[in-house]
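Notes to accompany the following structure.
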Amino acid sequence: MKRYPVLVALLLAGALAGAQDDRRDASVTVHPPVTAKADAGTHVVRDVTLATRFASYTLRYEAYELDDDPAKVGFPKWAPTIGYTPLGIVGPSDCLWYNQGFFHWTFDGHNIHEYRPRFRIVREHGANAMVEYVWDTPKVTAVARFAMTSGSDKLLFLGSYTPKEPVQECKLRLMSYPATFAQPWNRTVTTATRTLTSGRNVPLDLEQERWVLLEDPNPGRPADGSAGLLLGDTSAFAQVTLDEIGGYAEYVDLTLKSDRRAFALALYECPSIPDAEETRAYFRRSADAECEVLARLAQADPEQELAALPMDAERSAQFLRREEALLTRPVETWRPDPTPLAFPWAARLPGPPVKVALLCPRWQAYETMELGRRLELDVEHLYFDSGTALIAPDYWPYRGQTGIGPLNPGVAERHSLRICGDPQREVILVAGIHGDALPTRLRPVILEQVRAGKGLVIAGPPAGWPEELFAQPDDRLVAPALAAIPWQSLPGLGEGERGRVGKEAPLKGYRFGQGRVILFTVNTAPYSVLVPANDASEGLSGAADRALALQAAAVLAAAGRSPRARLSFDASPSLKAGVATTLPLRLSGAFAEALVRVQDDHDGVRLLARRALRPGNARLALPPLPAGRRYFVDVLLRDQAGDCAGFASTVLAAPAGPRIATVNLSPSRKVHPVAPPMVALERGGTLTCQARITTVPSGAKPYLRWEVRDCFNRLLARAVTPVAANGAARAKLPLLRPVTVCHQLDTALIAGGRTLAVRRDRFTIPLPYPYDDFTYLMWSYAGGEPVIQRTNRLCFNLGAEMMDLCHMRGYSDAGAAREYALAARSGLRLVPYVTRIAGEVGEGNVLRPGLFDNEWLRGEEQSIERCCRQAAPYRPPAYTLGDENYLVAGAGEVCGAPETMAQFRAWLQARYHTIAALNAAWKTEYASFADIQQPMWLAEAVRQQESFAAWFDHREFMDAAFVRAHERLAAAVRAQDPGAKVGWDGLLGYHWQSGYDFSQLTRNLELNQVYTTEFPQGEWVRSFARPDSLRGEWGNAVADKEDGFTAIGWHNLFLGYNSCWWWTSWGCDYIPFNPDTSLSKPGEWFFRAADELRAGPGKLLLHARRDDSGIAILYSQTDHFAAALAAQTPGTGAAGAWLENHRGLLRALEDLGTQYRYVAAADLETNPRCLEGFRVLFLPLAVCLSDAQVAAIRAFAEAGGTVIADGRVGILTRNGVIRDQRPLDDLFGVRSPAGHAAFAQKPQT
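Final position of the sequence shown in our numbering is 1245; the numbers increase by one with none missing.
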């Protein structure tokens, strides 16, 4: 394939020719809304992007639009719950001006945030672009207009209001998280005159300080850089102050003068140039001049074009250099594999390559590169972030860590205009892109180019494209392509198969002006755009090959390039097994020779040879073909130079003749009809094979050839045995100890030197996973797309050993069997993701789905039954019951459903035995357990003076129910795969509603995996996980640059884990590959370190014993509950900071050079000997202690141990009863306050 380096030329030409256009480069893109039904109404997410060539900003409105009050909204996110308008900035950074809501706007305390705004586009593109949000409230009509002017990198925030009643004070608070959410922080604020490192309510000198930079100049980790603010006309403000300088979030508070009704601000974010000093220098050069223009905009008519903000020449030049660099960075790579194909189709054309402008989602582009191996192309391309958005920050979740983020929409749009408007391009190929996702200015350019004579190929549905494109059908355009490839025989495109859309052919042709439009419509898997989705598990390489050949023919038709030669096939002959025959065909045009390939539907090539053919009617000699397969005959006509003159393919039905009807293997068993047999030869041994032939051929003595290969196609065993007169054959194949799970047995019936029949049988040898060395796991996907098959094998070749095969719930037996078969052939061991437990709070504090919802549980068990019986033959090292499981993710409490309360009452009866005992603990007067109809919720618990036990018991019960739900579903897994390790991965942030009692979640679940970012979850896993468990961490965000990716494996190893996990292997910014599947920099760093670690240190340290320094730390979930309760009690201060307290303690111990281990409260209660071997016991915020735990602590101290606690130790019993005496006072030699007053105090040291 030829490619010409025109990108730089295009950029230079565009810079010169488009100078005037640059003055009209502002645009608005309104993204399709995302909606979901919620209890209160509709959960709505609406994104709007404003962009110029230098910068872009994406505003996100996210709210519950209420059914019962259309004028108001509810809040799915945190920031609006504390008064911020639910309009945030999610791009280019989600932290700088906060993504959930960055401004808090009040009028005499009246807040607009709970009102539903009206939205409109004021100007879609041109010299400036603008959108408008209007809040109509009883007190005011408030208007926020957001705009960008051409050539600027600032987002204008033009605010105004019209009072409906007198307004004395209009206040605006802006919130920013400079650079990053991640610690450590080093927040500062810089103005024109000073840099501040701390302070509260610091006033600005509005004469001299007209701009502000909220910063975090952390050396070596600039993350997203600084948040900038320009104040414009400072005379509009009575005062502007800076608040919480140096804190987690920093704030700017603006108070408008009472006689002013409008203001003009400009916001700045630029994660691609994050250096704080560089940003300061830029603002010092340019910000004052921008403020002068900005000052005039507050009173400007928004319906008229705005004056443009000036752009600093040095920054402009920097952006232009960056634009070129961005378009050539590795993540924009479009580069087909240079390895020539044995059957190259049209990889060499007699004229120049077809010049194509390609628009395609980045992570679906691999098949377009494979198209480039079958059709000689000269491609200029632009990647979209998704099929529905040119720029989608959500596809770059770790841009703040890696420094690799989305293109600027202005840069991307300009490049799309360049390549689609380039007069040299013959075809515009839009693959996997919804028509509505095209930039506003690009659509008319494409239509103009096609109308003038270019070709347009749309691979995807016609939705979003103008109807005029499809107004003049012309079947003649696509008839040659459809005739060239037997498309109905391709996997996925047969009638009723899932790749086919309706009953019509996948290609349709249209005329548009002088141009040609070809529409390719099929259903594809998520990471495909040209290969139809299918259910095949054999012959996928040939299937993709012919699907791409069909595309090649379509692109040639769109380019108006007719083949120099044509061929067509007459009726296919009736084939007889093992007998040579000829295939009649008709040939016309100019060509010199033919390259012929005969390939079966299992990708076996039976013939690849050059043939001398001449125009006219001809007969193509075919070799003897065995029964048991269909065959594709592919013919490539070439000229004297070897260039493609034409091509076509046909399919032949399976030859008639004897068949290998059955094959049985021993020792083996099948768990289900569609599952592969499991051969019990884990240590090697003799595989006994028996077959039966339908019809024994006469004449020469027939025999069977038996060959066993592994998933890498290595020949492991071979035998030849005779076929008896009754059609039976038997062989014994010696197998050495296997090294892979997947195997295949290929059987061939041979007589008289001719192969009469073939058969392939897949089987597994379910090797136990040894867990004797440190290993690496990659997240991967079901679907079987070509790119996923390729990257899975690449991950194995690079050193990974396992894959988390995600989202396998809900498959049929046949579907699951297919996905496991394809995934396992990569060589990676499977860790199937079989369900997920993640509830949401419904009306009335009901958990949905509920942990005692038997209908849901039975449905999950049935799904697990199908999923896991198909996985069992592959002997998964473990199964995961889901990633990011939780009891409740948000702030709500659960659960008060009737079925939950019935179980809660039974649990209480088992705990207390009598209602009198419960009443004594709860300080209640229930007559029976049946009288307990609803739990005590937090708001009621806070008001209790004698006992919190009713609330504590329900919290403990719900956590236990969360654990039991995992254990119940784990039992369903083990019912299909006895002895399987089952657990969970990637738990989210630890809070008291999450259900995360690590001491219980690890007890009977042997896969325990967390995020590195969620410290100290990893320490709890290390302390409580079973020795035989699979343990590791997702290193997301911590593995960021070279040092992070290099260190993450060692981090896992030193924690005592036996694995390191990487999300994900494909589909976003955080993967080991570039779009062409070449290794990305993170991939290089990660796998290089993996090689070093697996060369010996991993195995050595995995079997080493960690020294805990004799330090034990008490882990008690009830202490966490006590902290949550304290956090709702005024005056308790840090008593609610249970998690922060633990983090601080662990960091301090590590800084002292010591180690530690956690001890579970339940173990301390039932087994005081768990403290043996420890010399020190820490009790951080150990508010809840039972009498048994107190006794164990005393015994530990009396035996010489040291006990360290804070002043809140033992205020409550284990289940939340307020003690009237502190049980450890004498041990510490103090007299501590007790009772409710003690609980309501700040911690004492």
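Yeah, the Cβ is synthetic: ideal placement off N, Cα and C, and Gly gets one too.
What number of angstroms, rounded off, separates the C-alpha of residue i from the C-alpha of residue j?
i: residue 788; j: residue 800; result: 15 Å
i: residue 438; j: residue 389; result: 8 Å
i: residue 1259; j: residue 435; result: Lying before the first or after the last residue shown, residue 1259 is absent from the chain, which here runs from 1 to 1245.
i: residue 937; j: residue 833; result: 34 Å
i: residue 12; j: residue 838; result: Here residue 12 scores only 37 on pLDDT, less than 50, and its place in the model should not be relied on; the value that follows carries that caveat. Going by the C-alpha atoms only, they are around 52 Å apart.
i: residue 1234; j: residue 1182; result: 14 Å
i: residue 963; j: residue 995; result: 8 Å
i: residue 626; j: residue 352; result: 41 Å
i: residue 227; j: residue 176; result: 7 Å
i: residue 927; j: residue 934; result: 15 Å
i: residue 213; j: residue 1199; result: 58 Å
i: residue 44; j: residue 70; result: 13 Å
i: residue 18; j: residue 415; result: Bear in mind that the predicted position of residue 18 carries a pLDDT of just 43, short of 50, making it unreliable; the figure below should be weighed with that in mind. Residue 18 and residue 415: Cα-Cα distance of roughly 11 Å.
i: residue 182; j: residue 765; result: 46 Å
i: residue 244; j: residue 115; result: 28 Å
i: residue 282; j: residue 313; result: 10 Å
i: residue 1227; j: residue 1190; result: 10 Å
i: residue 1254; j: residue 953; result: This structure does not reach residue 1254, given that the chain is present from 1 up to 1245, and the question cannot be answered.
i: residue 653; j: residue 595; result: 21 Å
i: residue 15; j: residue 346; result: With a pLDDT of 38 at residue 15, under the threshold of 50, the modelled position of that residue is not reliable, and the figure given next carries that caveat. Each residue's Cα considered, the two are about 36 Å apart.
i: residue 10; j: residue 273; result: Annotation note: pLDDT 38 at residue 10 (below 50); position unreliable, coordinate value reported separately. Their Cα atoms are separated by approximately 24 Å.
i: residue 540; j: residue 614; result: 33 Å
i: residue 682; j: residue 824; result: 17 Å
i: residue 107; j: residue 987; result: 42 Å
i: residue 1096; j: residue 633; result: 51 Å
i: residue 1041; j: residue 507; result: 45 Å
i: residue 99; j: residue 736; result: 58 Å
For residue i and residue j, which I take to be in contact (beta-carbon distance under 8 Å), what is that distance rounded to the nearest angstrom?
i: residue 556; j: residue 368; result: Actually they do not touch by this definition, with Cβ atoms about 15 Å apart.
i: residue 518; j: residue 477; result: 6 Å
i: residue 763; j: residue 745; result: 7 Å
i: residue 716; j: residue 741; result: About 13 Å; that fails the 8 Å criterion.
i: residue 650; j: residue 621; result: No, residue 650 and residue 621 are not in contact; Cβ-Cβ is about 15 Å, not under 8 Å.
i: residue 831; j: residue 803; result: 7 Å
So what does residue i bridge to, in DSSP terms?
i: residue 596; result: 609 and 635
i: residue 1036; result: 1039
i: residue 61; result: 46 and 87
i: residue 458; result: 430 and 519
i: residue 707; result: 718 and 746
i: residue 171; result: 106 and 255
At a cut-off of 7 Å, would you count residue i as near the ligand MG, judging by its Cβ distance to the nearest heavy atom?
i: residue 1197; result: Of ligands this structure carries none, so the ligand MG is not represented either.
Taking Cβ to Cβ, would you say residue i is nearer than 8 Å to residue j?
i: residue 587; j: residue 560; result: no
i: residue 1132; j: residue 976; result: no
i: residue 28; j: residue 58; result: no
i: residue 460; j: residue 433; result: yes
i: residue 969; j: residue 855; result: no
i: residue 365; j: residue 298; result: no
i: residue 472; j: residue 512; result: yes
i: residue 386; j: residue 395; result: yes
i: residue 330; j: residue 797; result: no
i: residue 656; j: residue 576; result: yes
| query | With contact counted as at least three CB pairs below 8 Å, one residue from each stretch, are the segment 769–784 and the segment 1058–1069 in contact? | reply | yes
| With contact counted as at least three CB pairs below 8 Å, one residue from each stretch, are the segment 299–309 and the segment 116–136 in contact? | As far as the Cβ criterion goes, the segment 299–309 touches the segment 116–136, which means the pair count is three or higher.
| field | Contact the segment 596–607 vs the segment 451–459: 3+ CB pairs below 8 Å | value | Verdict: no, contact absent.
| request: May I ask you to verify whether the segment 150–161 touches the segment 187–205, counting CB pairs closer than 8 Å and requiring at least 3? | output: no
| Is the number of C-beta pairs between the segment 1005–1024 and the segment 904–912 that are closer than 8 Å three or more? | no
| field | Touch test, the segment 419–426 against the segment 479–496, Cβ-Cβ under 8 Å, three pairs minimum | value | no
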